[in-house]
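Engineer:
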């Protein structure tokens, strides 16, 4: 069976809003039942504007439902139901078996604060559970005096050392990476979030986290429409800085045409590099940051990045590693 037929109807790295007041377990179960019963209008009307905009018509949802029928058949067994809280979403997960496949599948609904569906997918559960990549740098102490690479408060959507905190942890080159965006109230954007300009972090200044030499600049990758992914260029527009001590910072998904530096430039901590964007494998505007031991993306090993003198959820941190769900900003602001 072709993988794309079963995979994500719409899956994003970042979710739009949170749903603490929602009974996500009941809502997820009810919508799953409606989807199986081919009550397409009911499911479609539960989607937020961004989901509907990505699918364009109800026919796309109906086609996805038909693919489930053809390749998986009827749901036979519910093995487990669970609800988890992402920084800005309540996520219902349902582990099931279908009649035409020996594998286990996950039916996943992500709910926004107002109850709208921000994400829906049916995916095959990995036969081998994912594990954090091994690293010989778990006790590493960052040599560079790193500062947060922005001026305003950002939220850590993915960050930390476990897979629960940070999906990047599965990959050797991104083991300690972080994804960050601006949240106001309980949303990453104003309005319906269908334009990059709706997102609070889009166009915000991105700064050098430490002194060094710029060794790579990419500034030609178009910014994606929200909800779309560029699978051909994972990082999009990026800057890589050699800090001169075996440590290199990479800042990715930057806005096309915004970069102010070129290869060979010397920068100091706090110098403006460019603007936050939505280029590369990114579903909405955000910053991807990682520290690594070499100058090449996907050719270097990730290092833990300990930042100095910042606030995390309002509390001062002298030196630390930001983790999922924290709201962080430079302490001087």
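Numbering (our numbering), first residue to last: 3 to 335.
Don't be surprised by glycine CBs; every beta carbon is placed ideally from N, CA and C.
Does residue 3 come out as helix, strand or coil in the three-state DSSP assignment?
Structural biologist: Model confidence at residue 3 stands at a pLDDT of 32, short of 50, so the residue's coordinates are unreliable and nothing is read from them.
Engineer: Got a sec, what are the start and stop residues for the beta strand (DSSP E) residue 72 sits in?
Structural biologist: No beta strand (DSSP E) contains residue 72, which is instead part of the alpha helix (DSSP H) from 60-73.
Engineer: How close, in whole Å, do the beta carbons of residue 111 and residue 205 come, if the pair is a contact with beta carbons under 8 Å?
Structural biologist: Not quite, the Cβ-Cβ distance comes to about 31 Å (not below 8 Å), so this is no contact.
Engineer: Taking 7 Å as the threshold (C-beta atoms), are residue 283 and residue 254 in contact?
Structural biologist: no
Engineer: Straight-line CA distance for residue 321 to residue 140?
Structural biologist: 16 Å
Engineer: Near residue 93, what residues of its chain come up, given a Cβ to Cβ distance below 6 Å and the 5 sequence neighbours on each side ignored?
Structural biologist: 86 and 112
Engineer: Leaving out five residues before and five after residue 230 in sequence, what residues of the same chain have Cβ atoms less than 8 Å from its Cβ?
Structural biologist: 56 and 285
Engineer: Helix, strand or coil, according to DSSP, for residue 42 in the structure here?
Structural biologist: helix
Engineer: With residue 51 as the anchor, note down where its alpha helix (DSSP H) starts and where it stops.
Structural biologist: 51-57
Engineer: Quick check: the segment 153-165 against the segment 309-329, are at least 3 beta-carbon pairs closer than 8 Å?
Structural biologist: Output reads yes: the segment 153-165 touches the segment 309-329.
Engineer: Just the C-alpha distance for residue 215 and residue 269, rounded to the nearest angstrom, thanks.
Structural biologist: 6 Å
Engineer: So, residue 184 versus residue 217, is the Cβ gap smaller than 7 Å?
Structural biologist: no
Engineer: Straight-line CA distance for residue 224 to residue 258?
Structural biologist: 6 Å
Engineer: Between which residues of its own chain and residue 248 is the CB-CB distance below 8 Å, once the five residues before and five after are set aside?
Structural biologist: If we look at residue 248 and ignore the five residues flanking it on each side, its Cβ neighbours are 145 and 295.
Engineer: Please go through the same chain and pick out, in chain order, the residues whose beta-carbon is closer than 8 Å to the beta-carbon of residue 328, but skip the five residues on each side of it.
Structural biologist: Cβ neighbours of residue 328 beyond the five flanking positions: 157, 158, 161, 314 and 315.
Engineer: Suppose contacts are defined by Cβ-Cβ distances below 7 Å. Is residue 142 in contact with residue 275 by that definition?
Structural biologist: For residue 142 and residue 275, no; Cβs fall outside 7 Å.
Engineer: From the DSSP secondary-structure annotation, give me the bridge partner or partners of residue 294.
Structural biologist: DSSP output for residue 294 lists 250 and 304 as bridge partner(s).
Engineer: Considering only DSSP beta bridges, list what residue 87 is partnered with.
Structural biologist: 92
Engineer: In angstroms with no decimal places, state the Cα-to-Cα distance between residue 40 and residue 64.
Structural biologist: Whole-angstrom Cα-Cα distance: 7 Å.
Engineer: Taking residue 113 as part of the beta strand (DSSP E), name the residues at either end of that continuous run.
Structural biologist: 106-113
Engineer: Which residues does DSSP pair with residue 126 in a beta bridge?
Structural biologist: 107
Engineer: Here's the rule I'm using: 16 or more other beta-carbon atoms within 10 Å means buried, otherwise exposed. How should residue 164 be labelled?
Structural biologist: exposed
Engineer: According to DSSP, what are the bridge partners of residue 332?
Structural biologist: 312
Engineer: Around the Cβ of residue 105, are there at least 16 other Cβ atoms within 10 angstroms (buried) or fewer (exposed)?
Structural biologist: exposed
Engineer: Quick check on the burial criterion: 16 or more other C-beta atoms within 10 angstroms. Buried or exposed for residue 47?
Structural biologist: exposed
Engineer: When the distance is taken between beta carbons, is residue 228 closer than 7 Å to residue 193?
Structural biologist: no
Engineer: What are the start and end residues of each continuous beta strand (DSSP E) run of 3 or more residues lying completely inside the segment 170-209, in chain order?
Structural biologist: 180-183 and 207-209
Engineer: For residue 34, which of helix, strand or coil comes out of DSSP?
Structural biologist: helix
Engineer: Does the beta-carbon of residue 173 have 16 or more other beta-carbons within 10 angstroms, so that it is buried, or is it exposed?
Structural biologist: exposed
Engineer: Are there 16 or more other CB atoms within 10 angstroms of the CB of residue 78, so buried, or fewer, so exposed?
Structural biologist: Exposed is the call here.
Engineer: May I ask you to report which of helix, strand or coil DSSP gives residue 27?
Structural biologist: Helix, per DSSP.
Engineer: Taking just the CA atoms, how far does residue 52 sit from residue 120?
Structural biologist: So the alpha carbons of these two residues sit roughly 8 Å apart.
Engineer: Could you tell me the boundaries of the beta strand (DSSP E) in which residue 320 lies?
Structural biologist: 317-322
Engineer: Using CA coordinates, which residue listed in 208, 273 and 299 is at the minimum distance from residue 279?
Structural biologist: 208
Engineer: Near residue 23, which residues of its chain fall below 7 Å by C-beta distance, leaving aside the five closest residues on each side in sequence?
Structural biologist: Confidence is the limiting factor: at residue 23 the pLDDT is only 44, short of 50, which leaves the residue's position unreliable, though a coordinate-based value still follows. There are no such residues.
Engineer: Leaving aside the five residues before and after residue 302 along the sequence, list all residues of the same chain whose C-beta is less than 8 Å from its C-beta, in chain order.
Structural biologist: 175, 250, 294, 295 and 296
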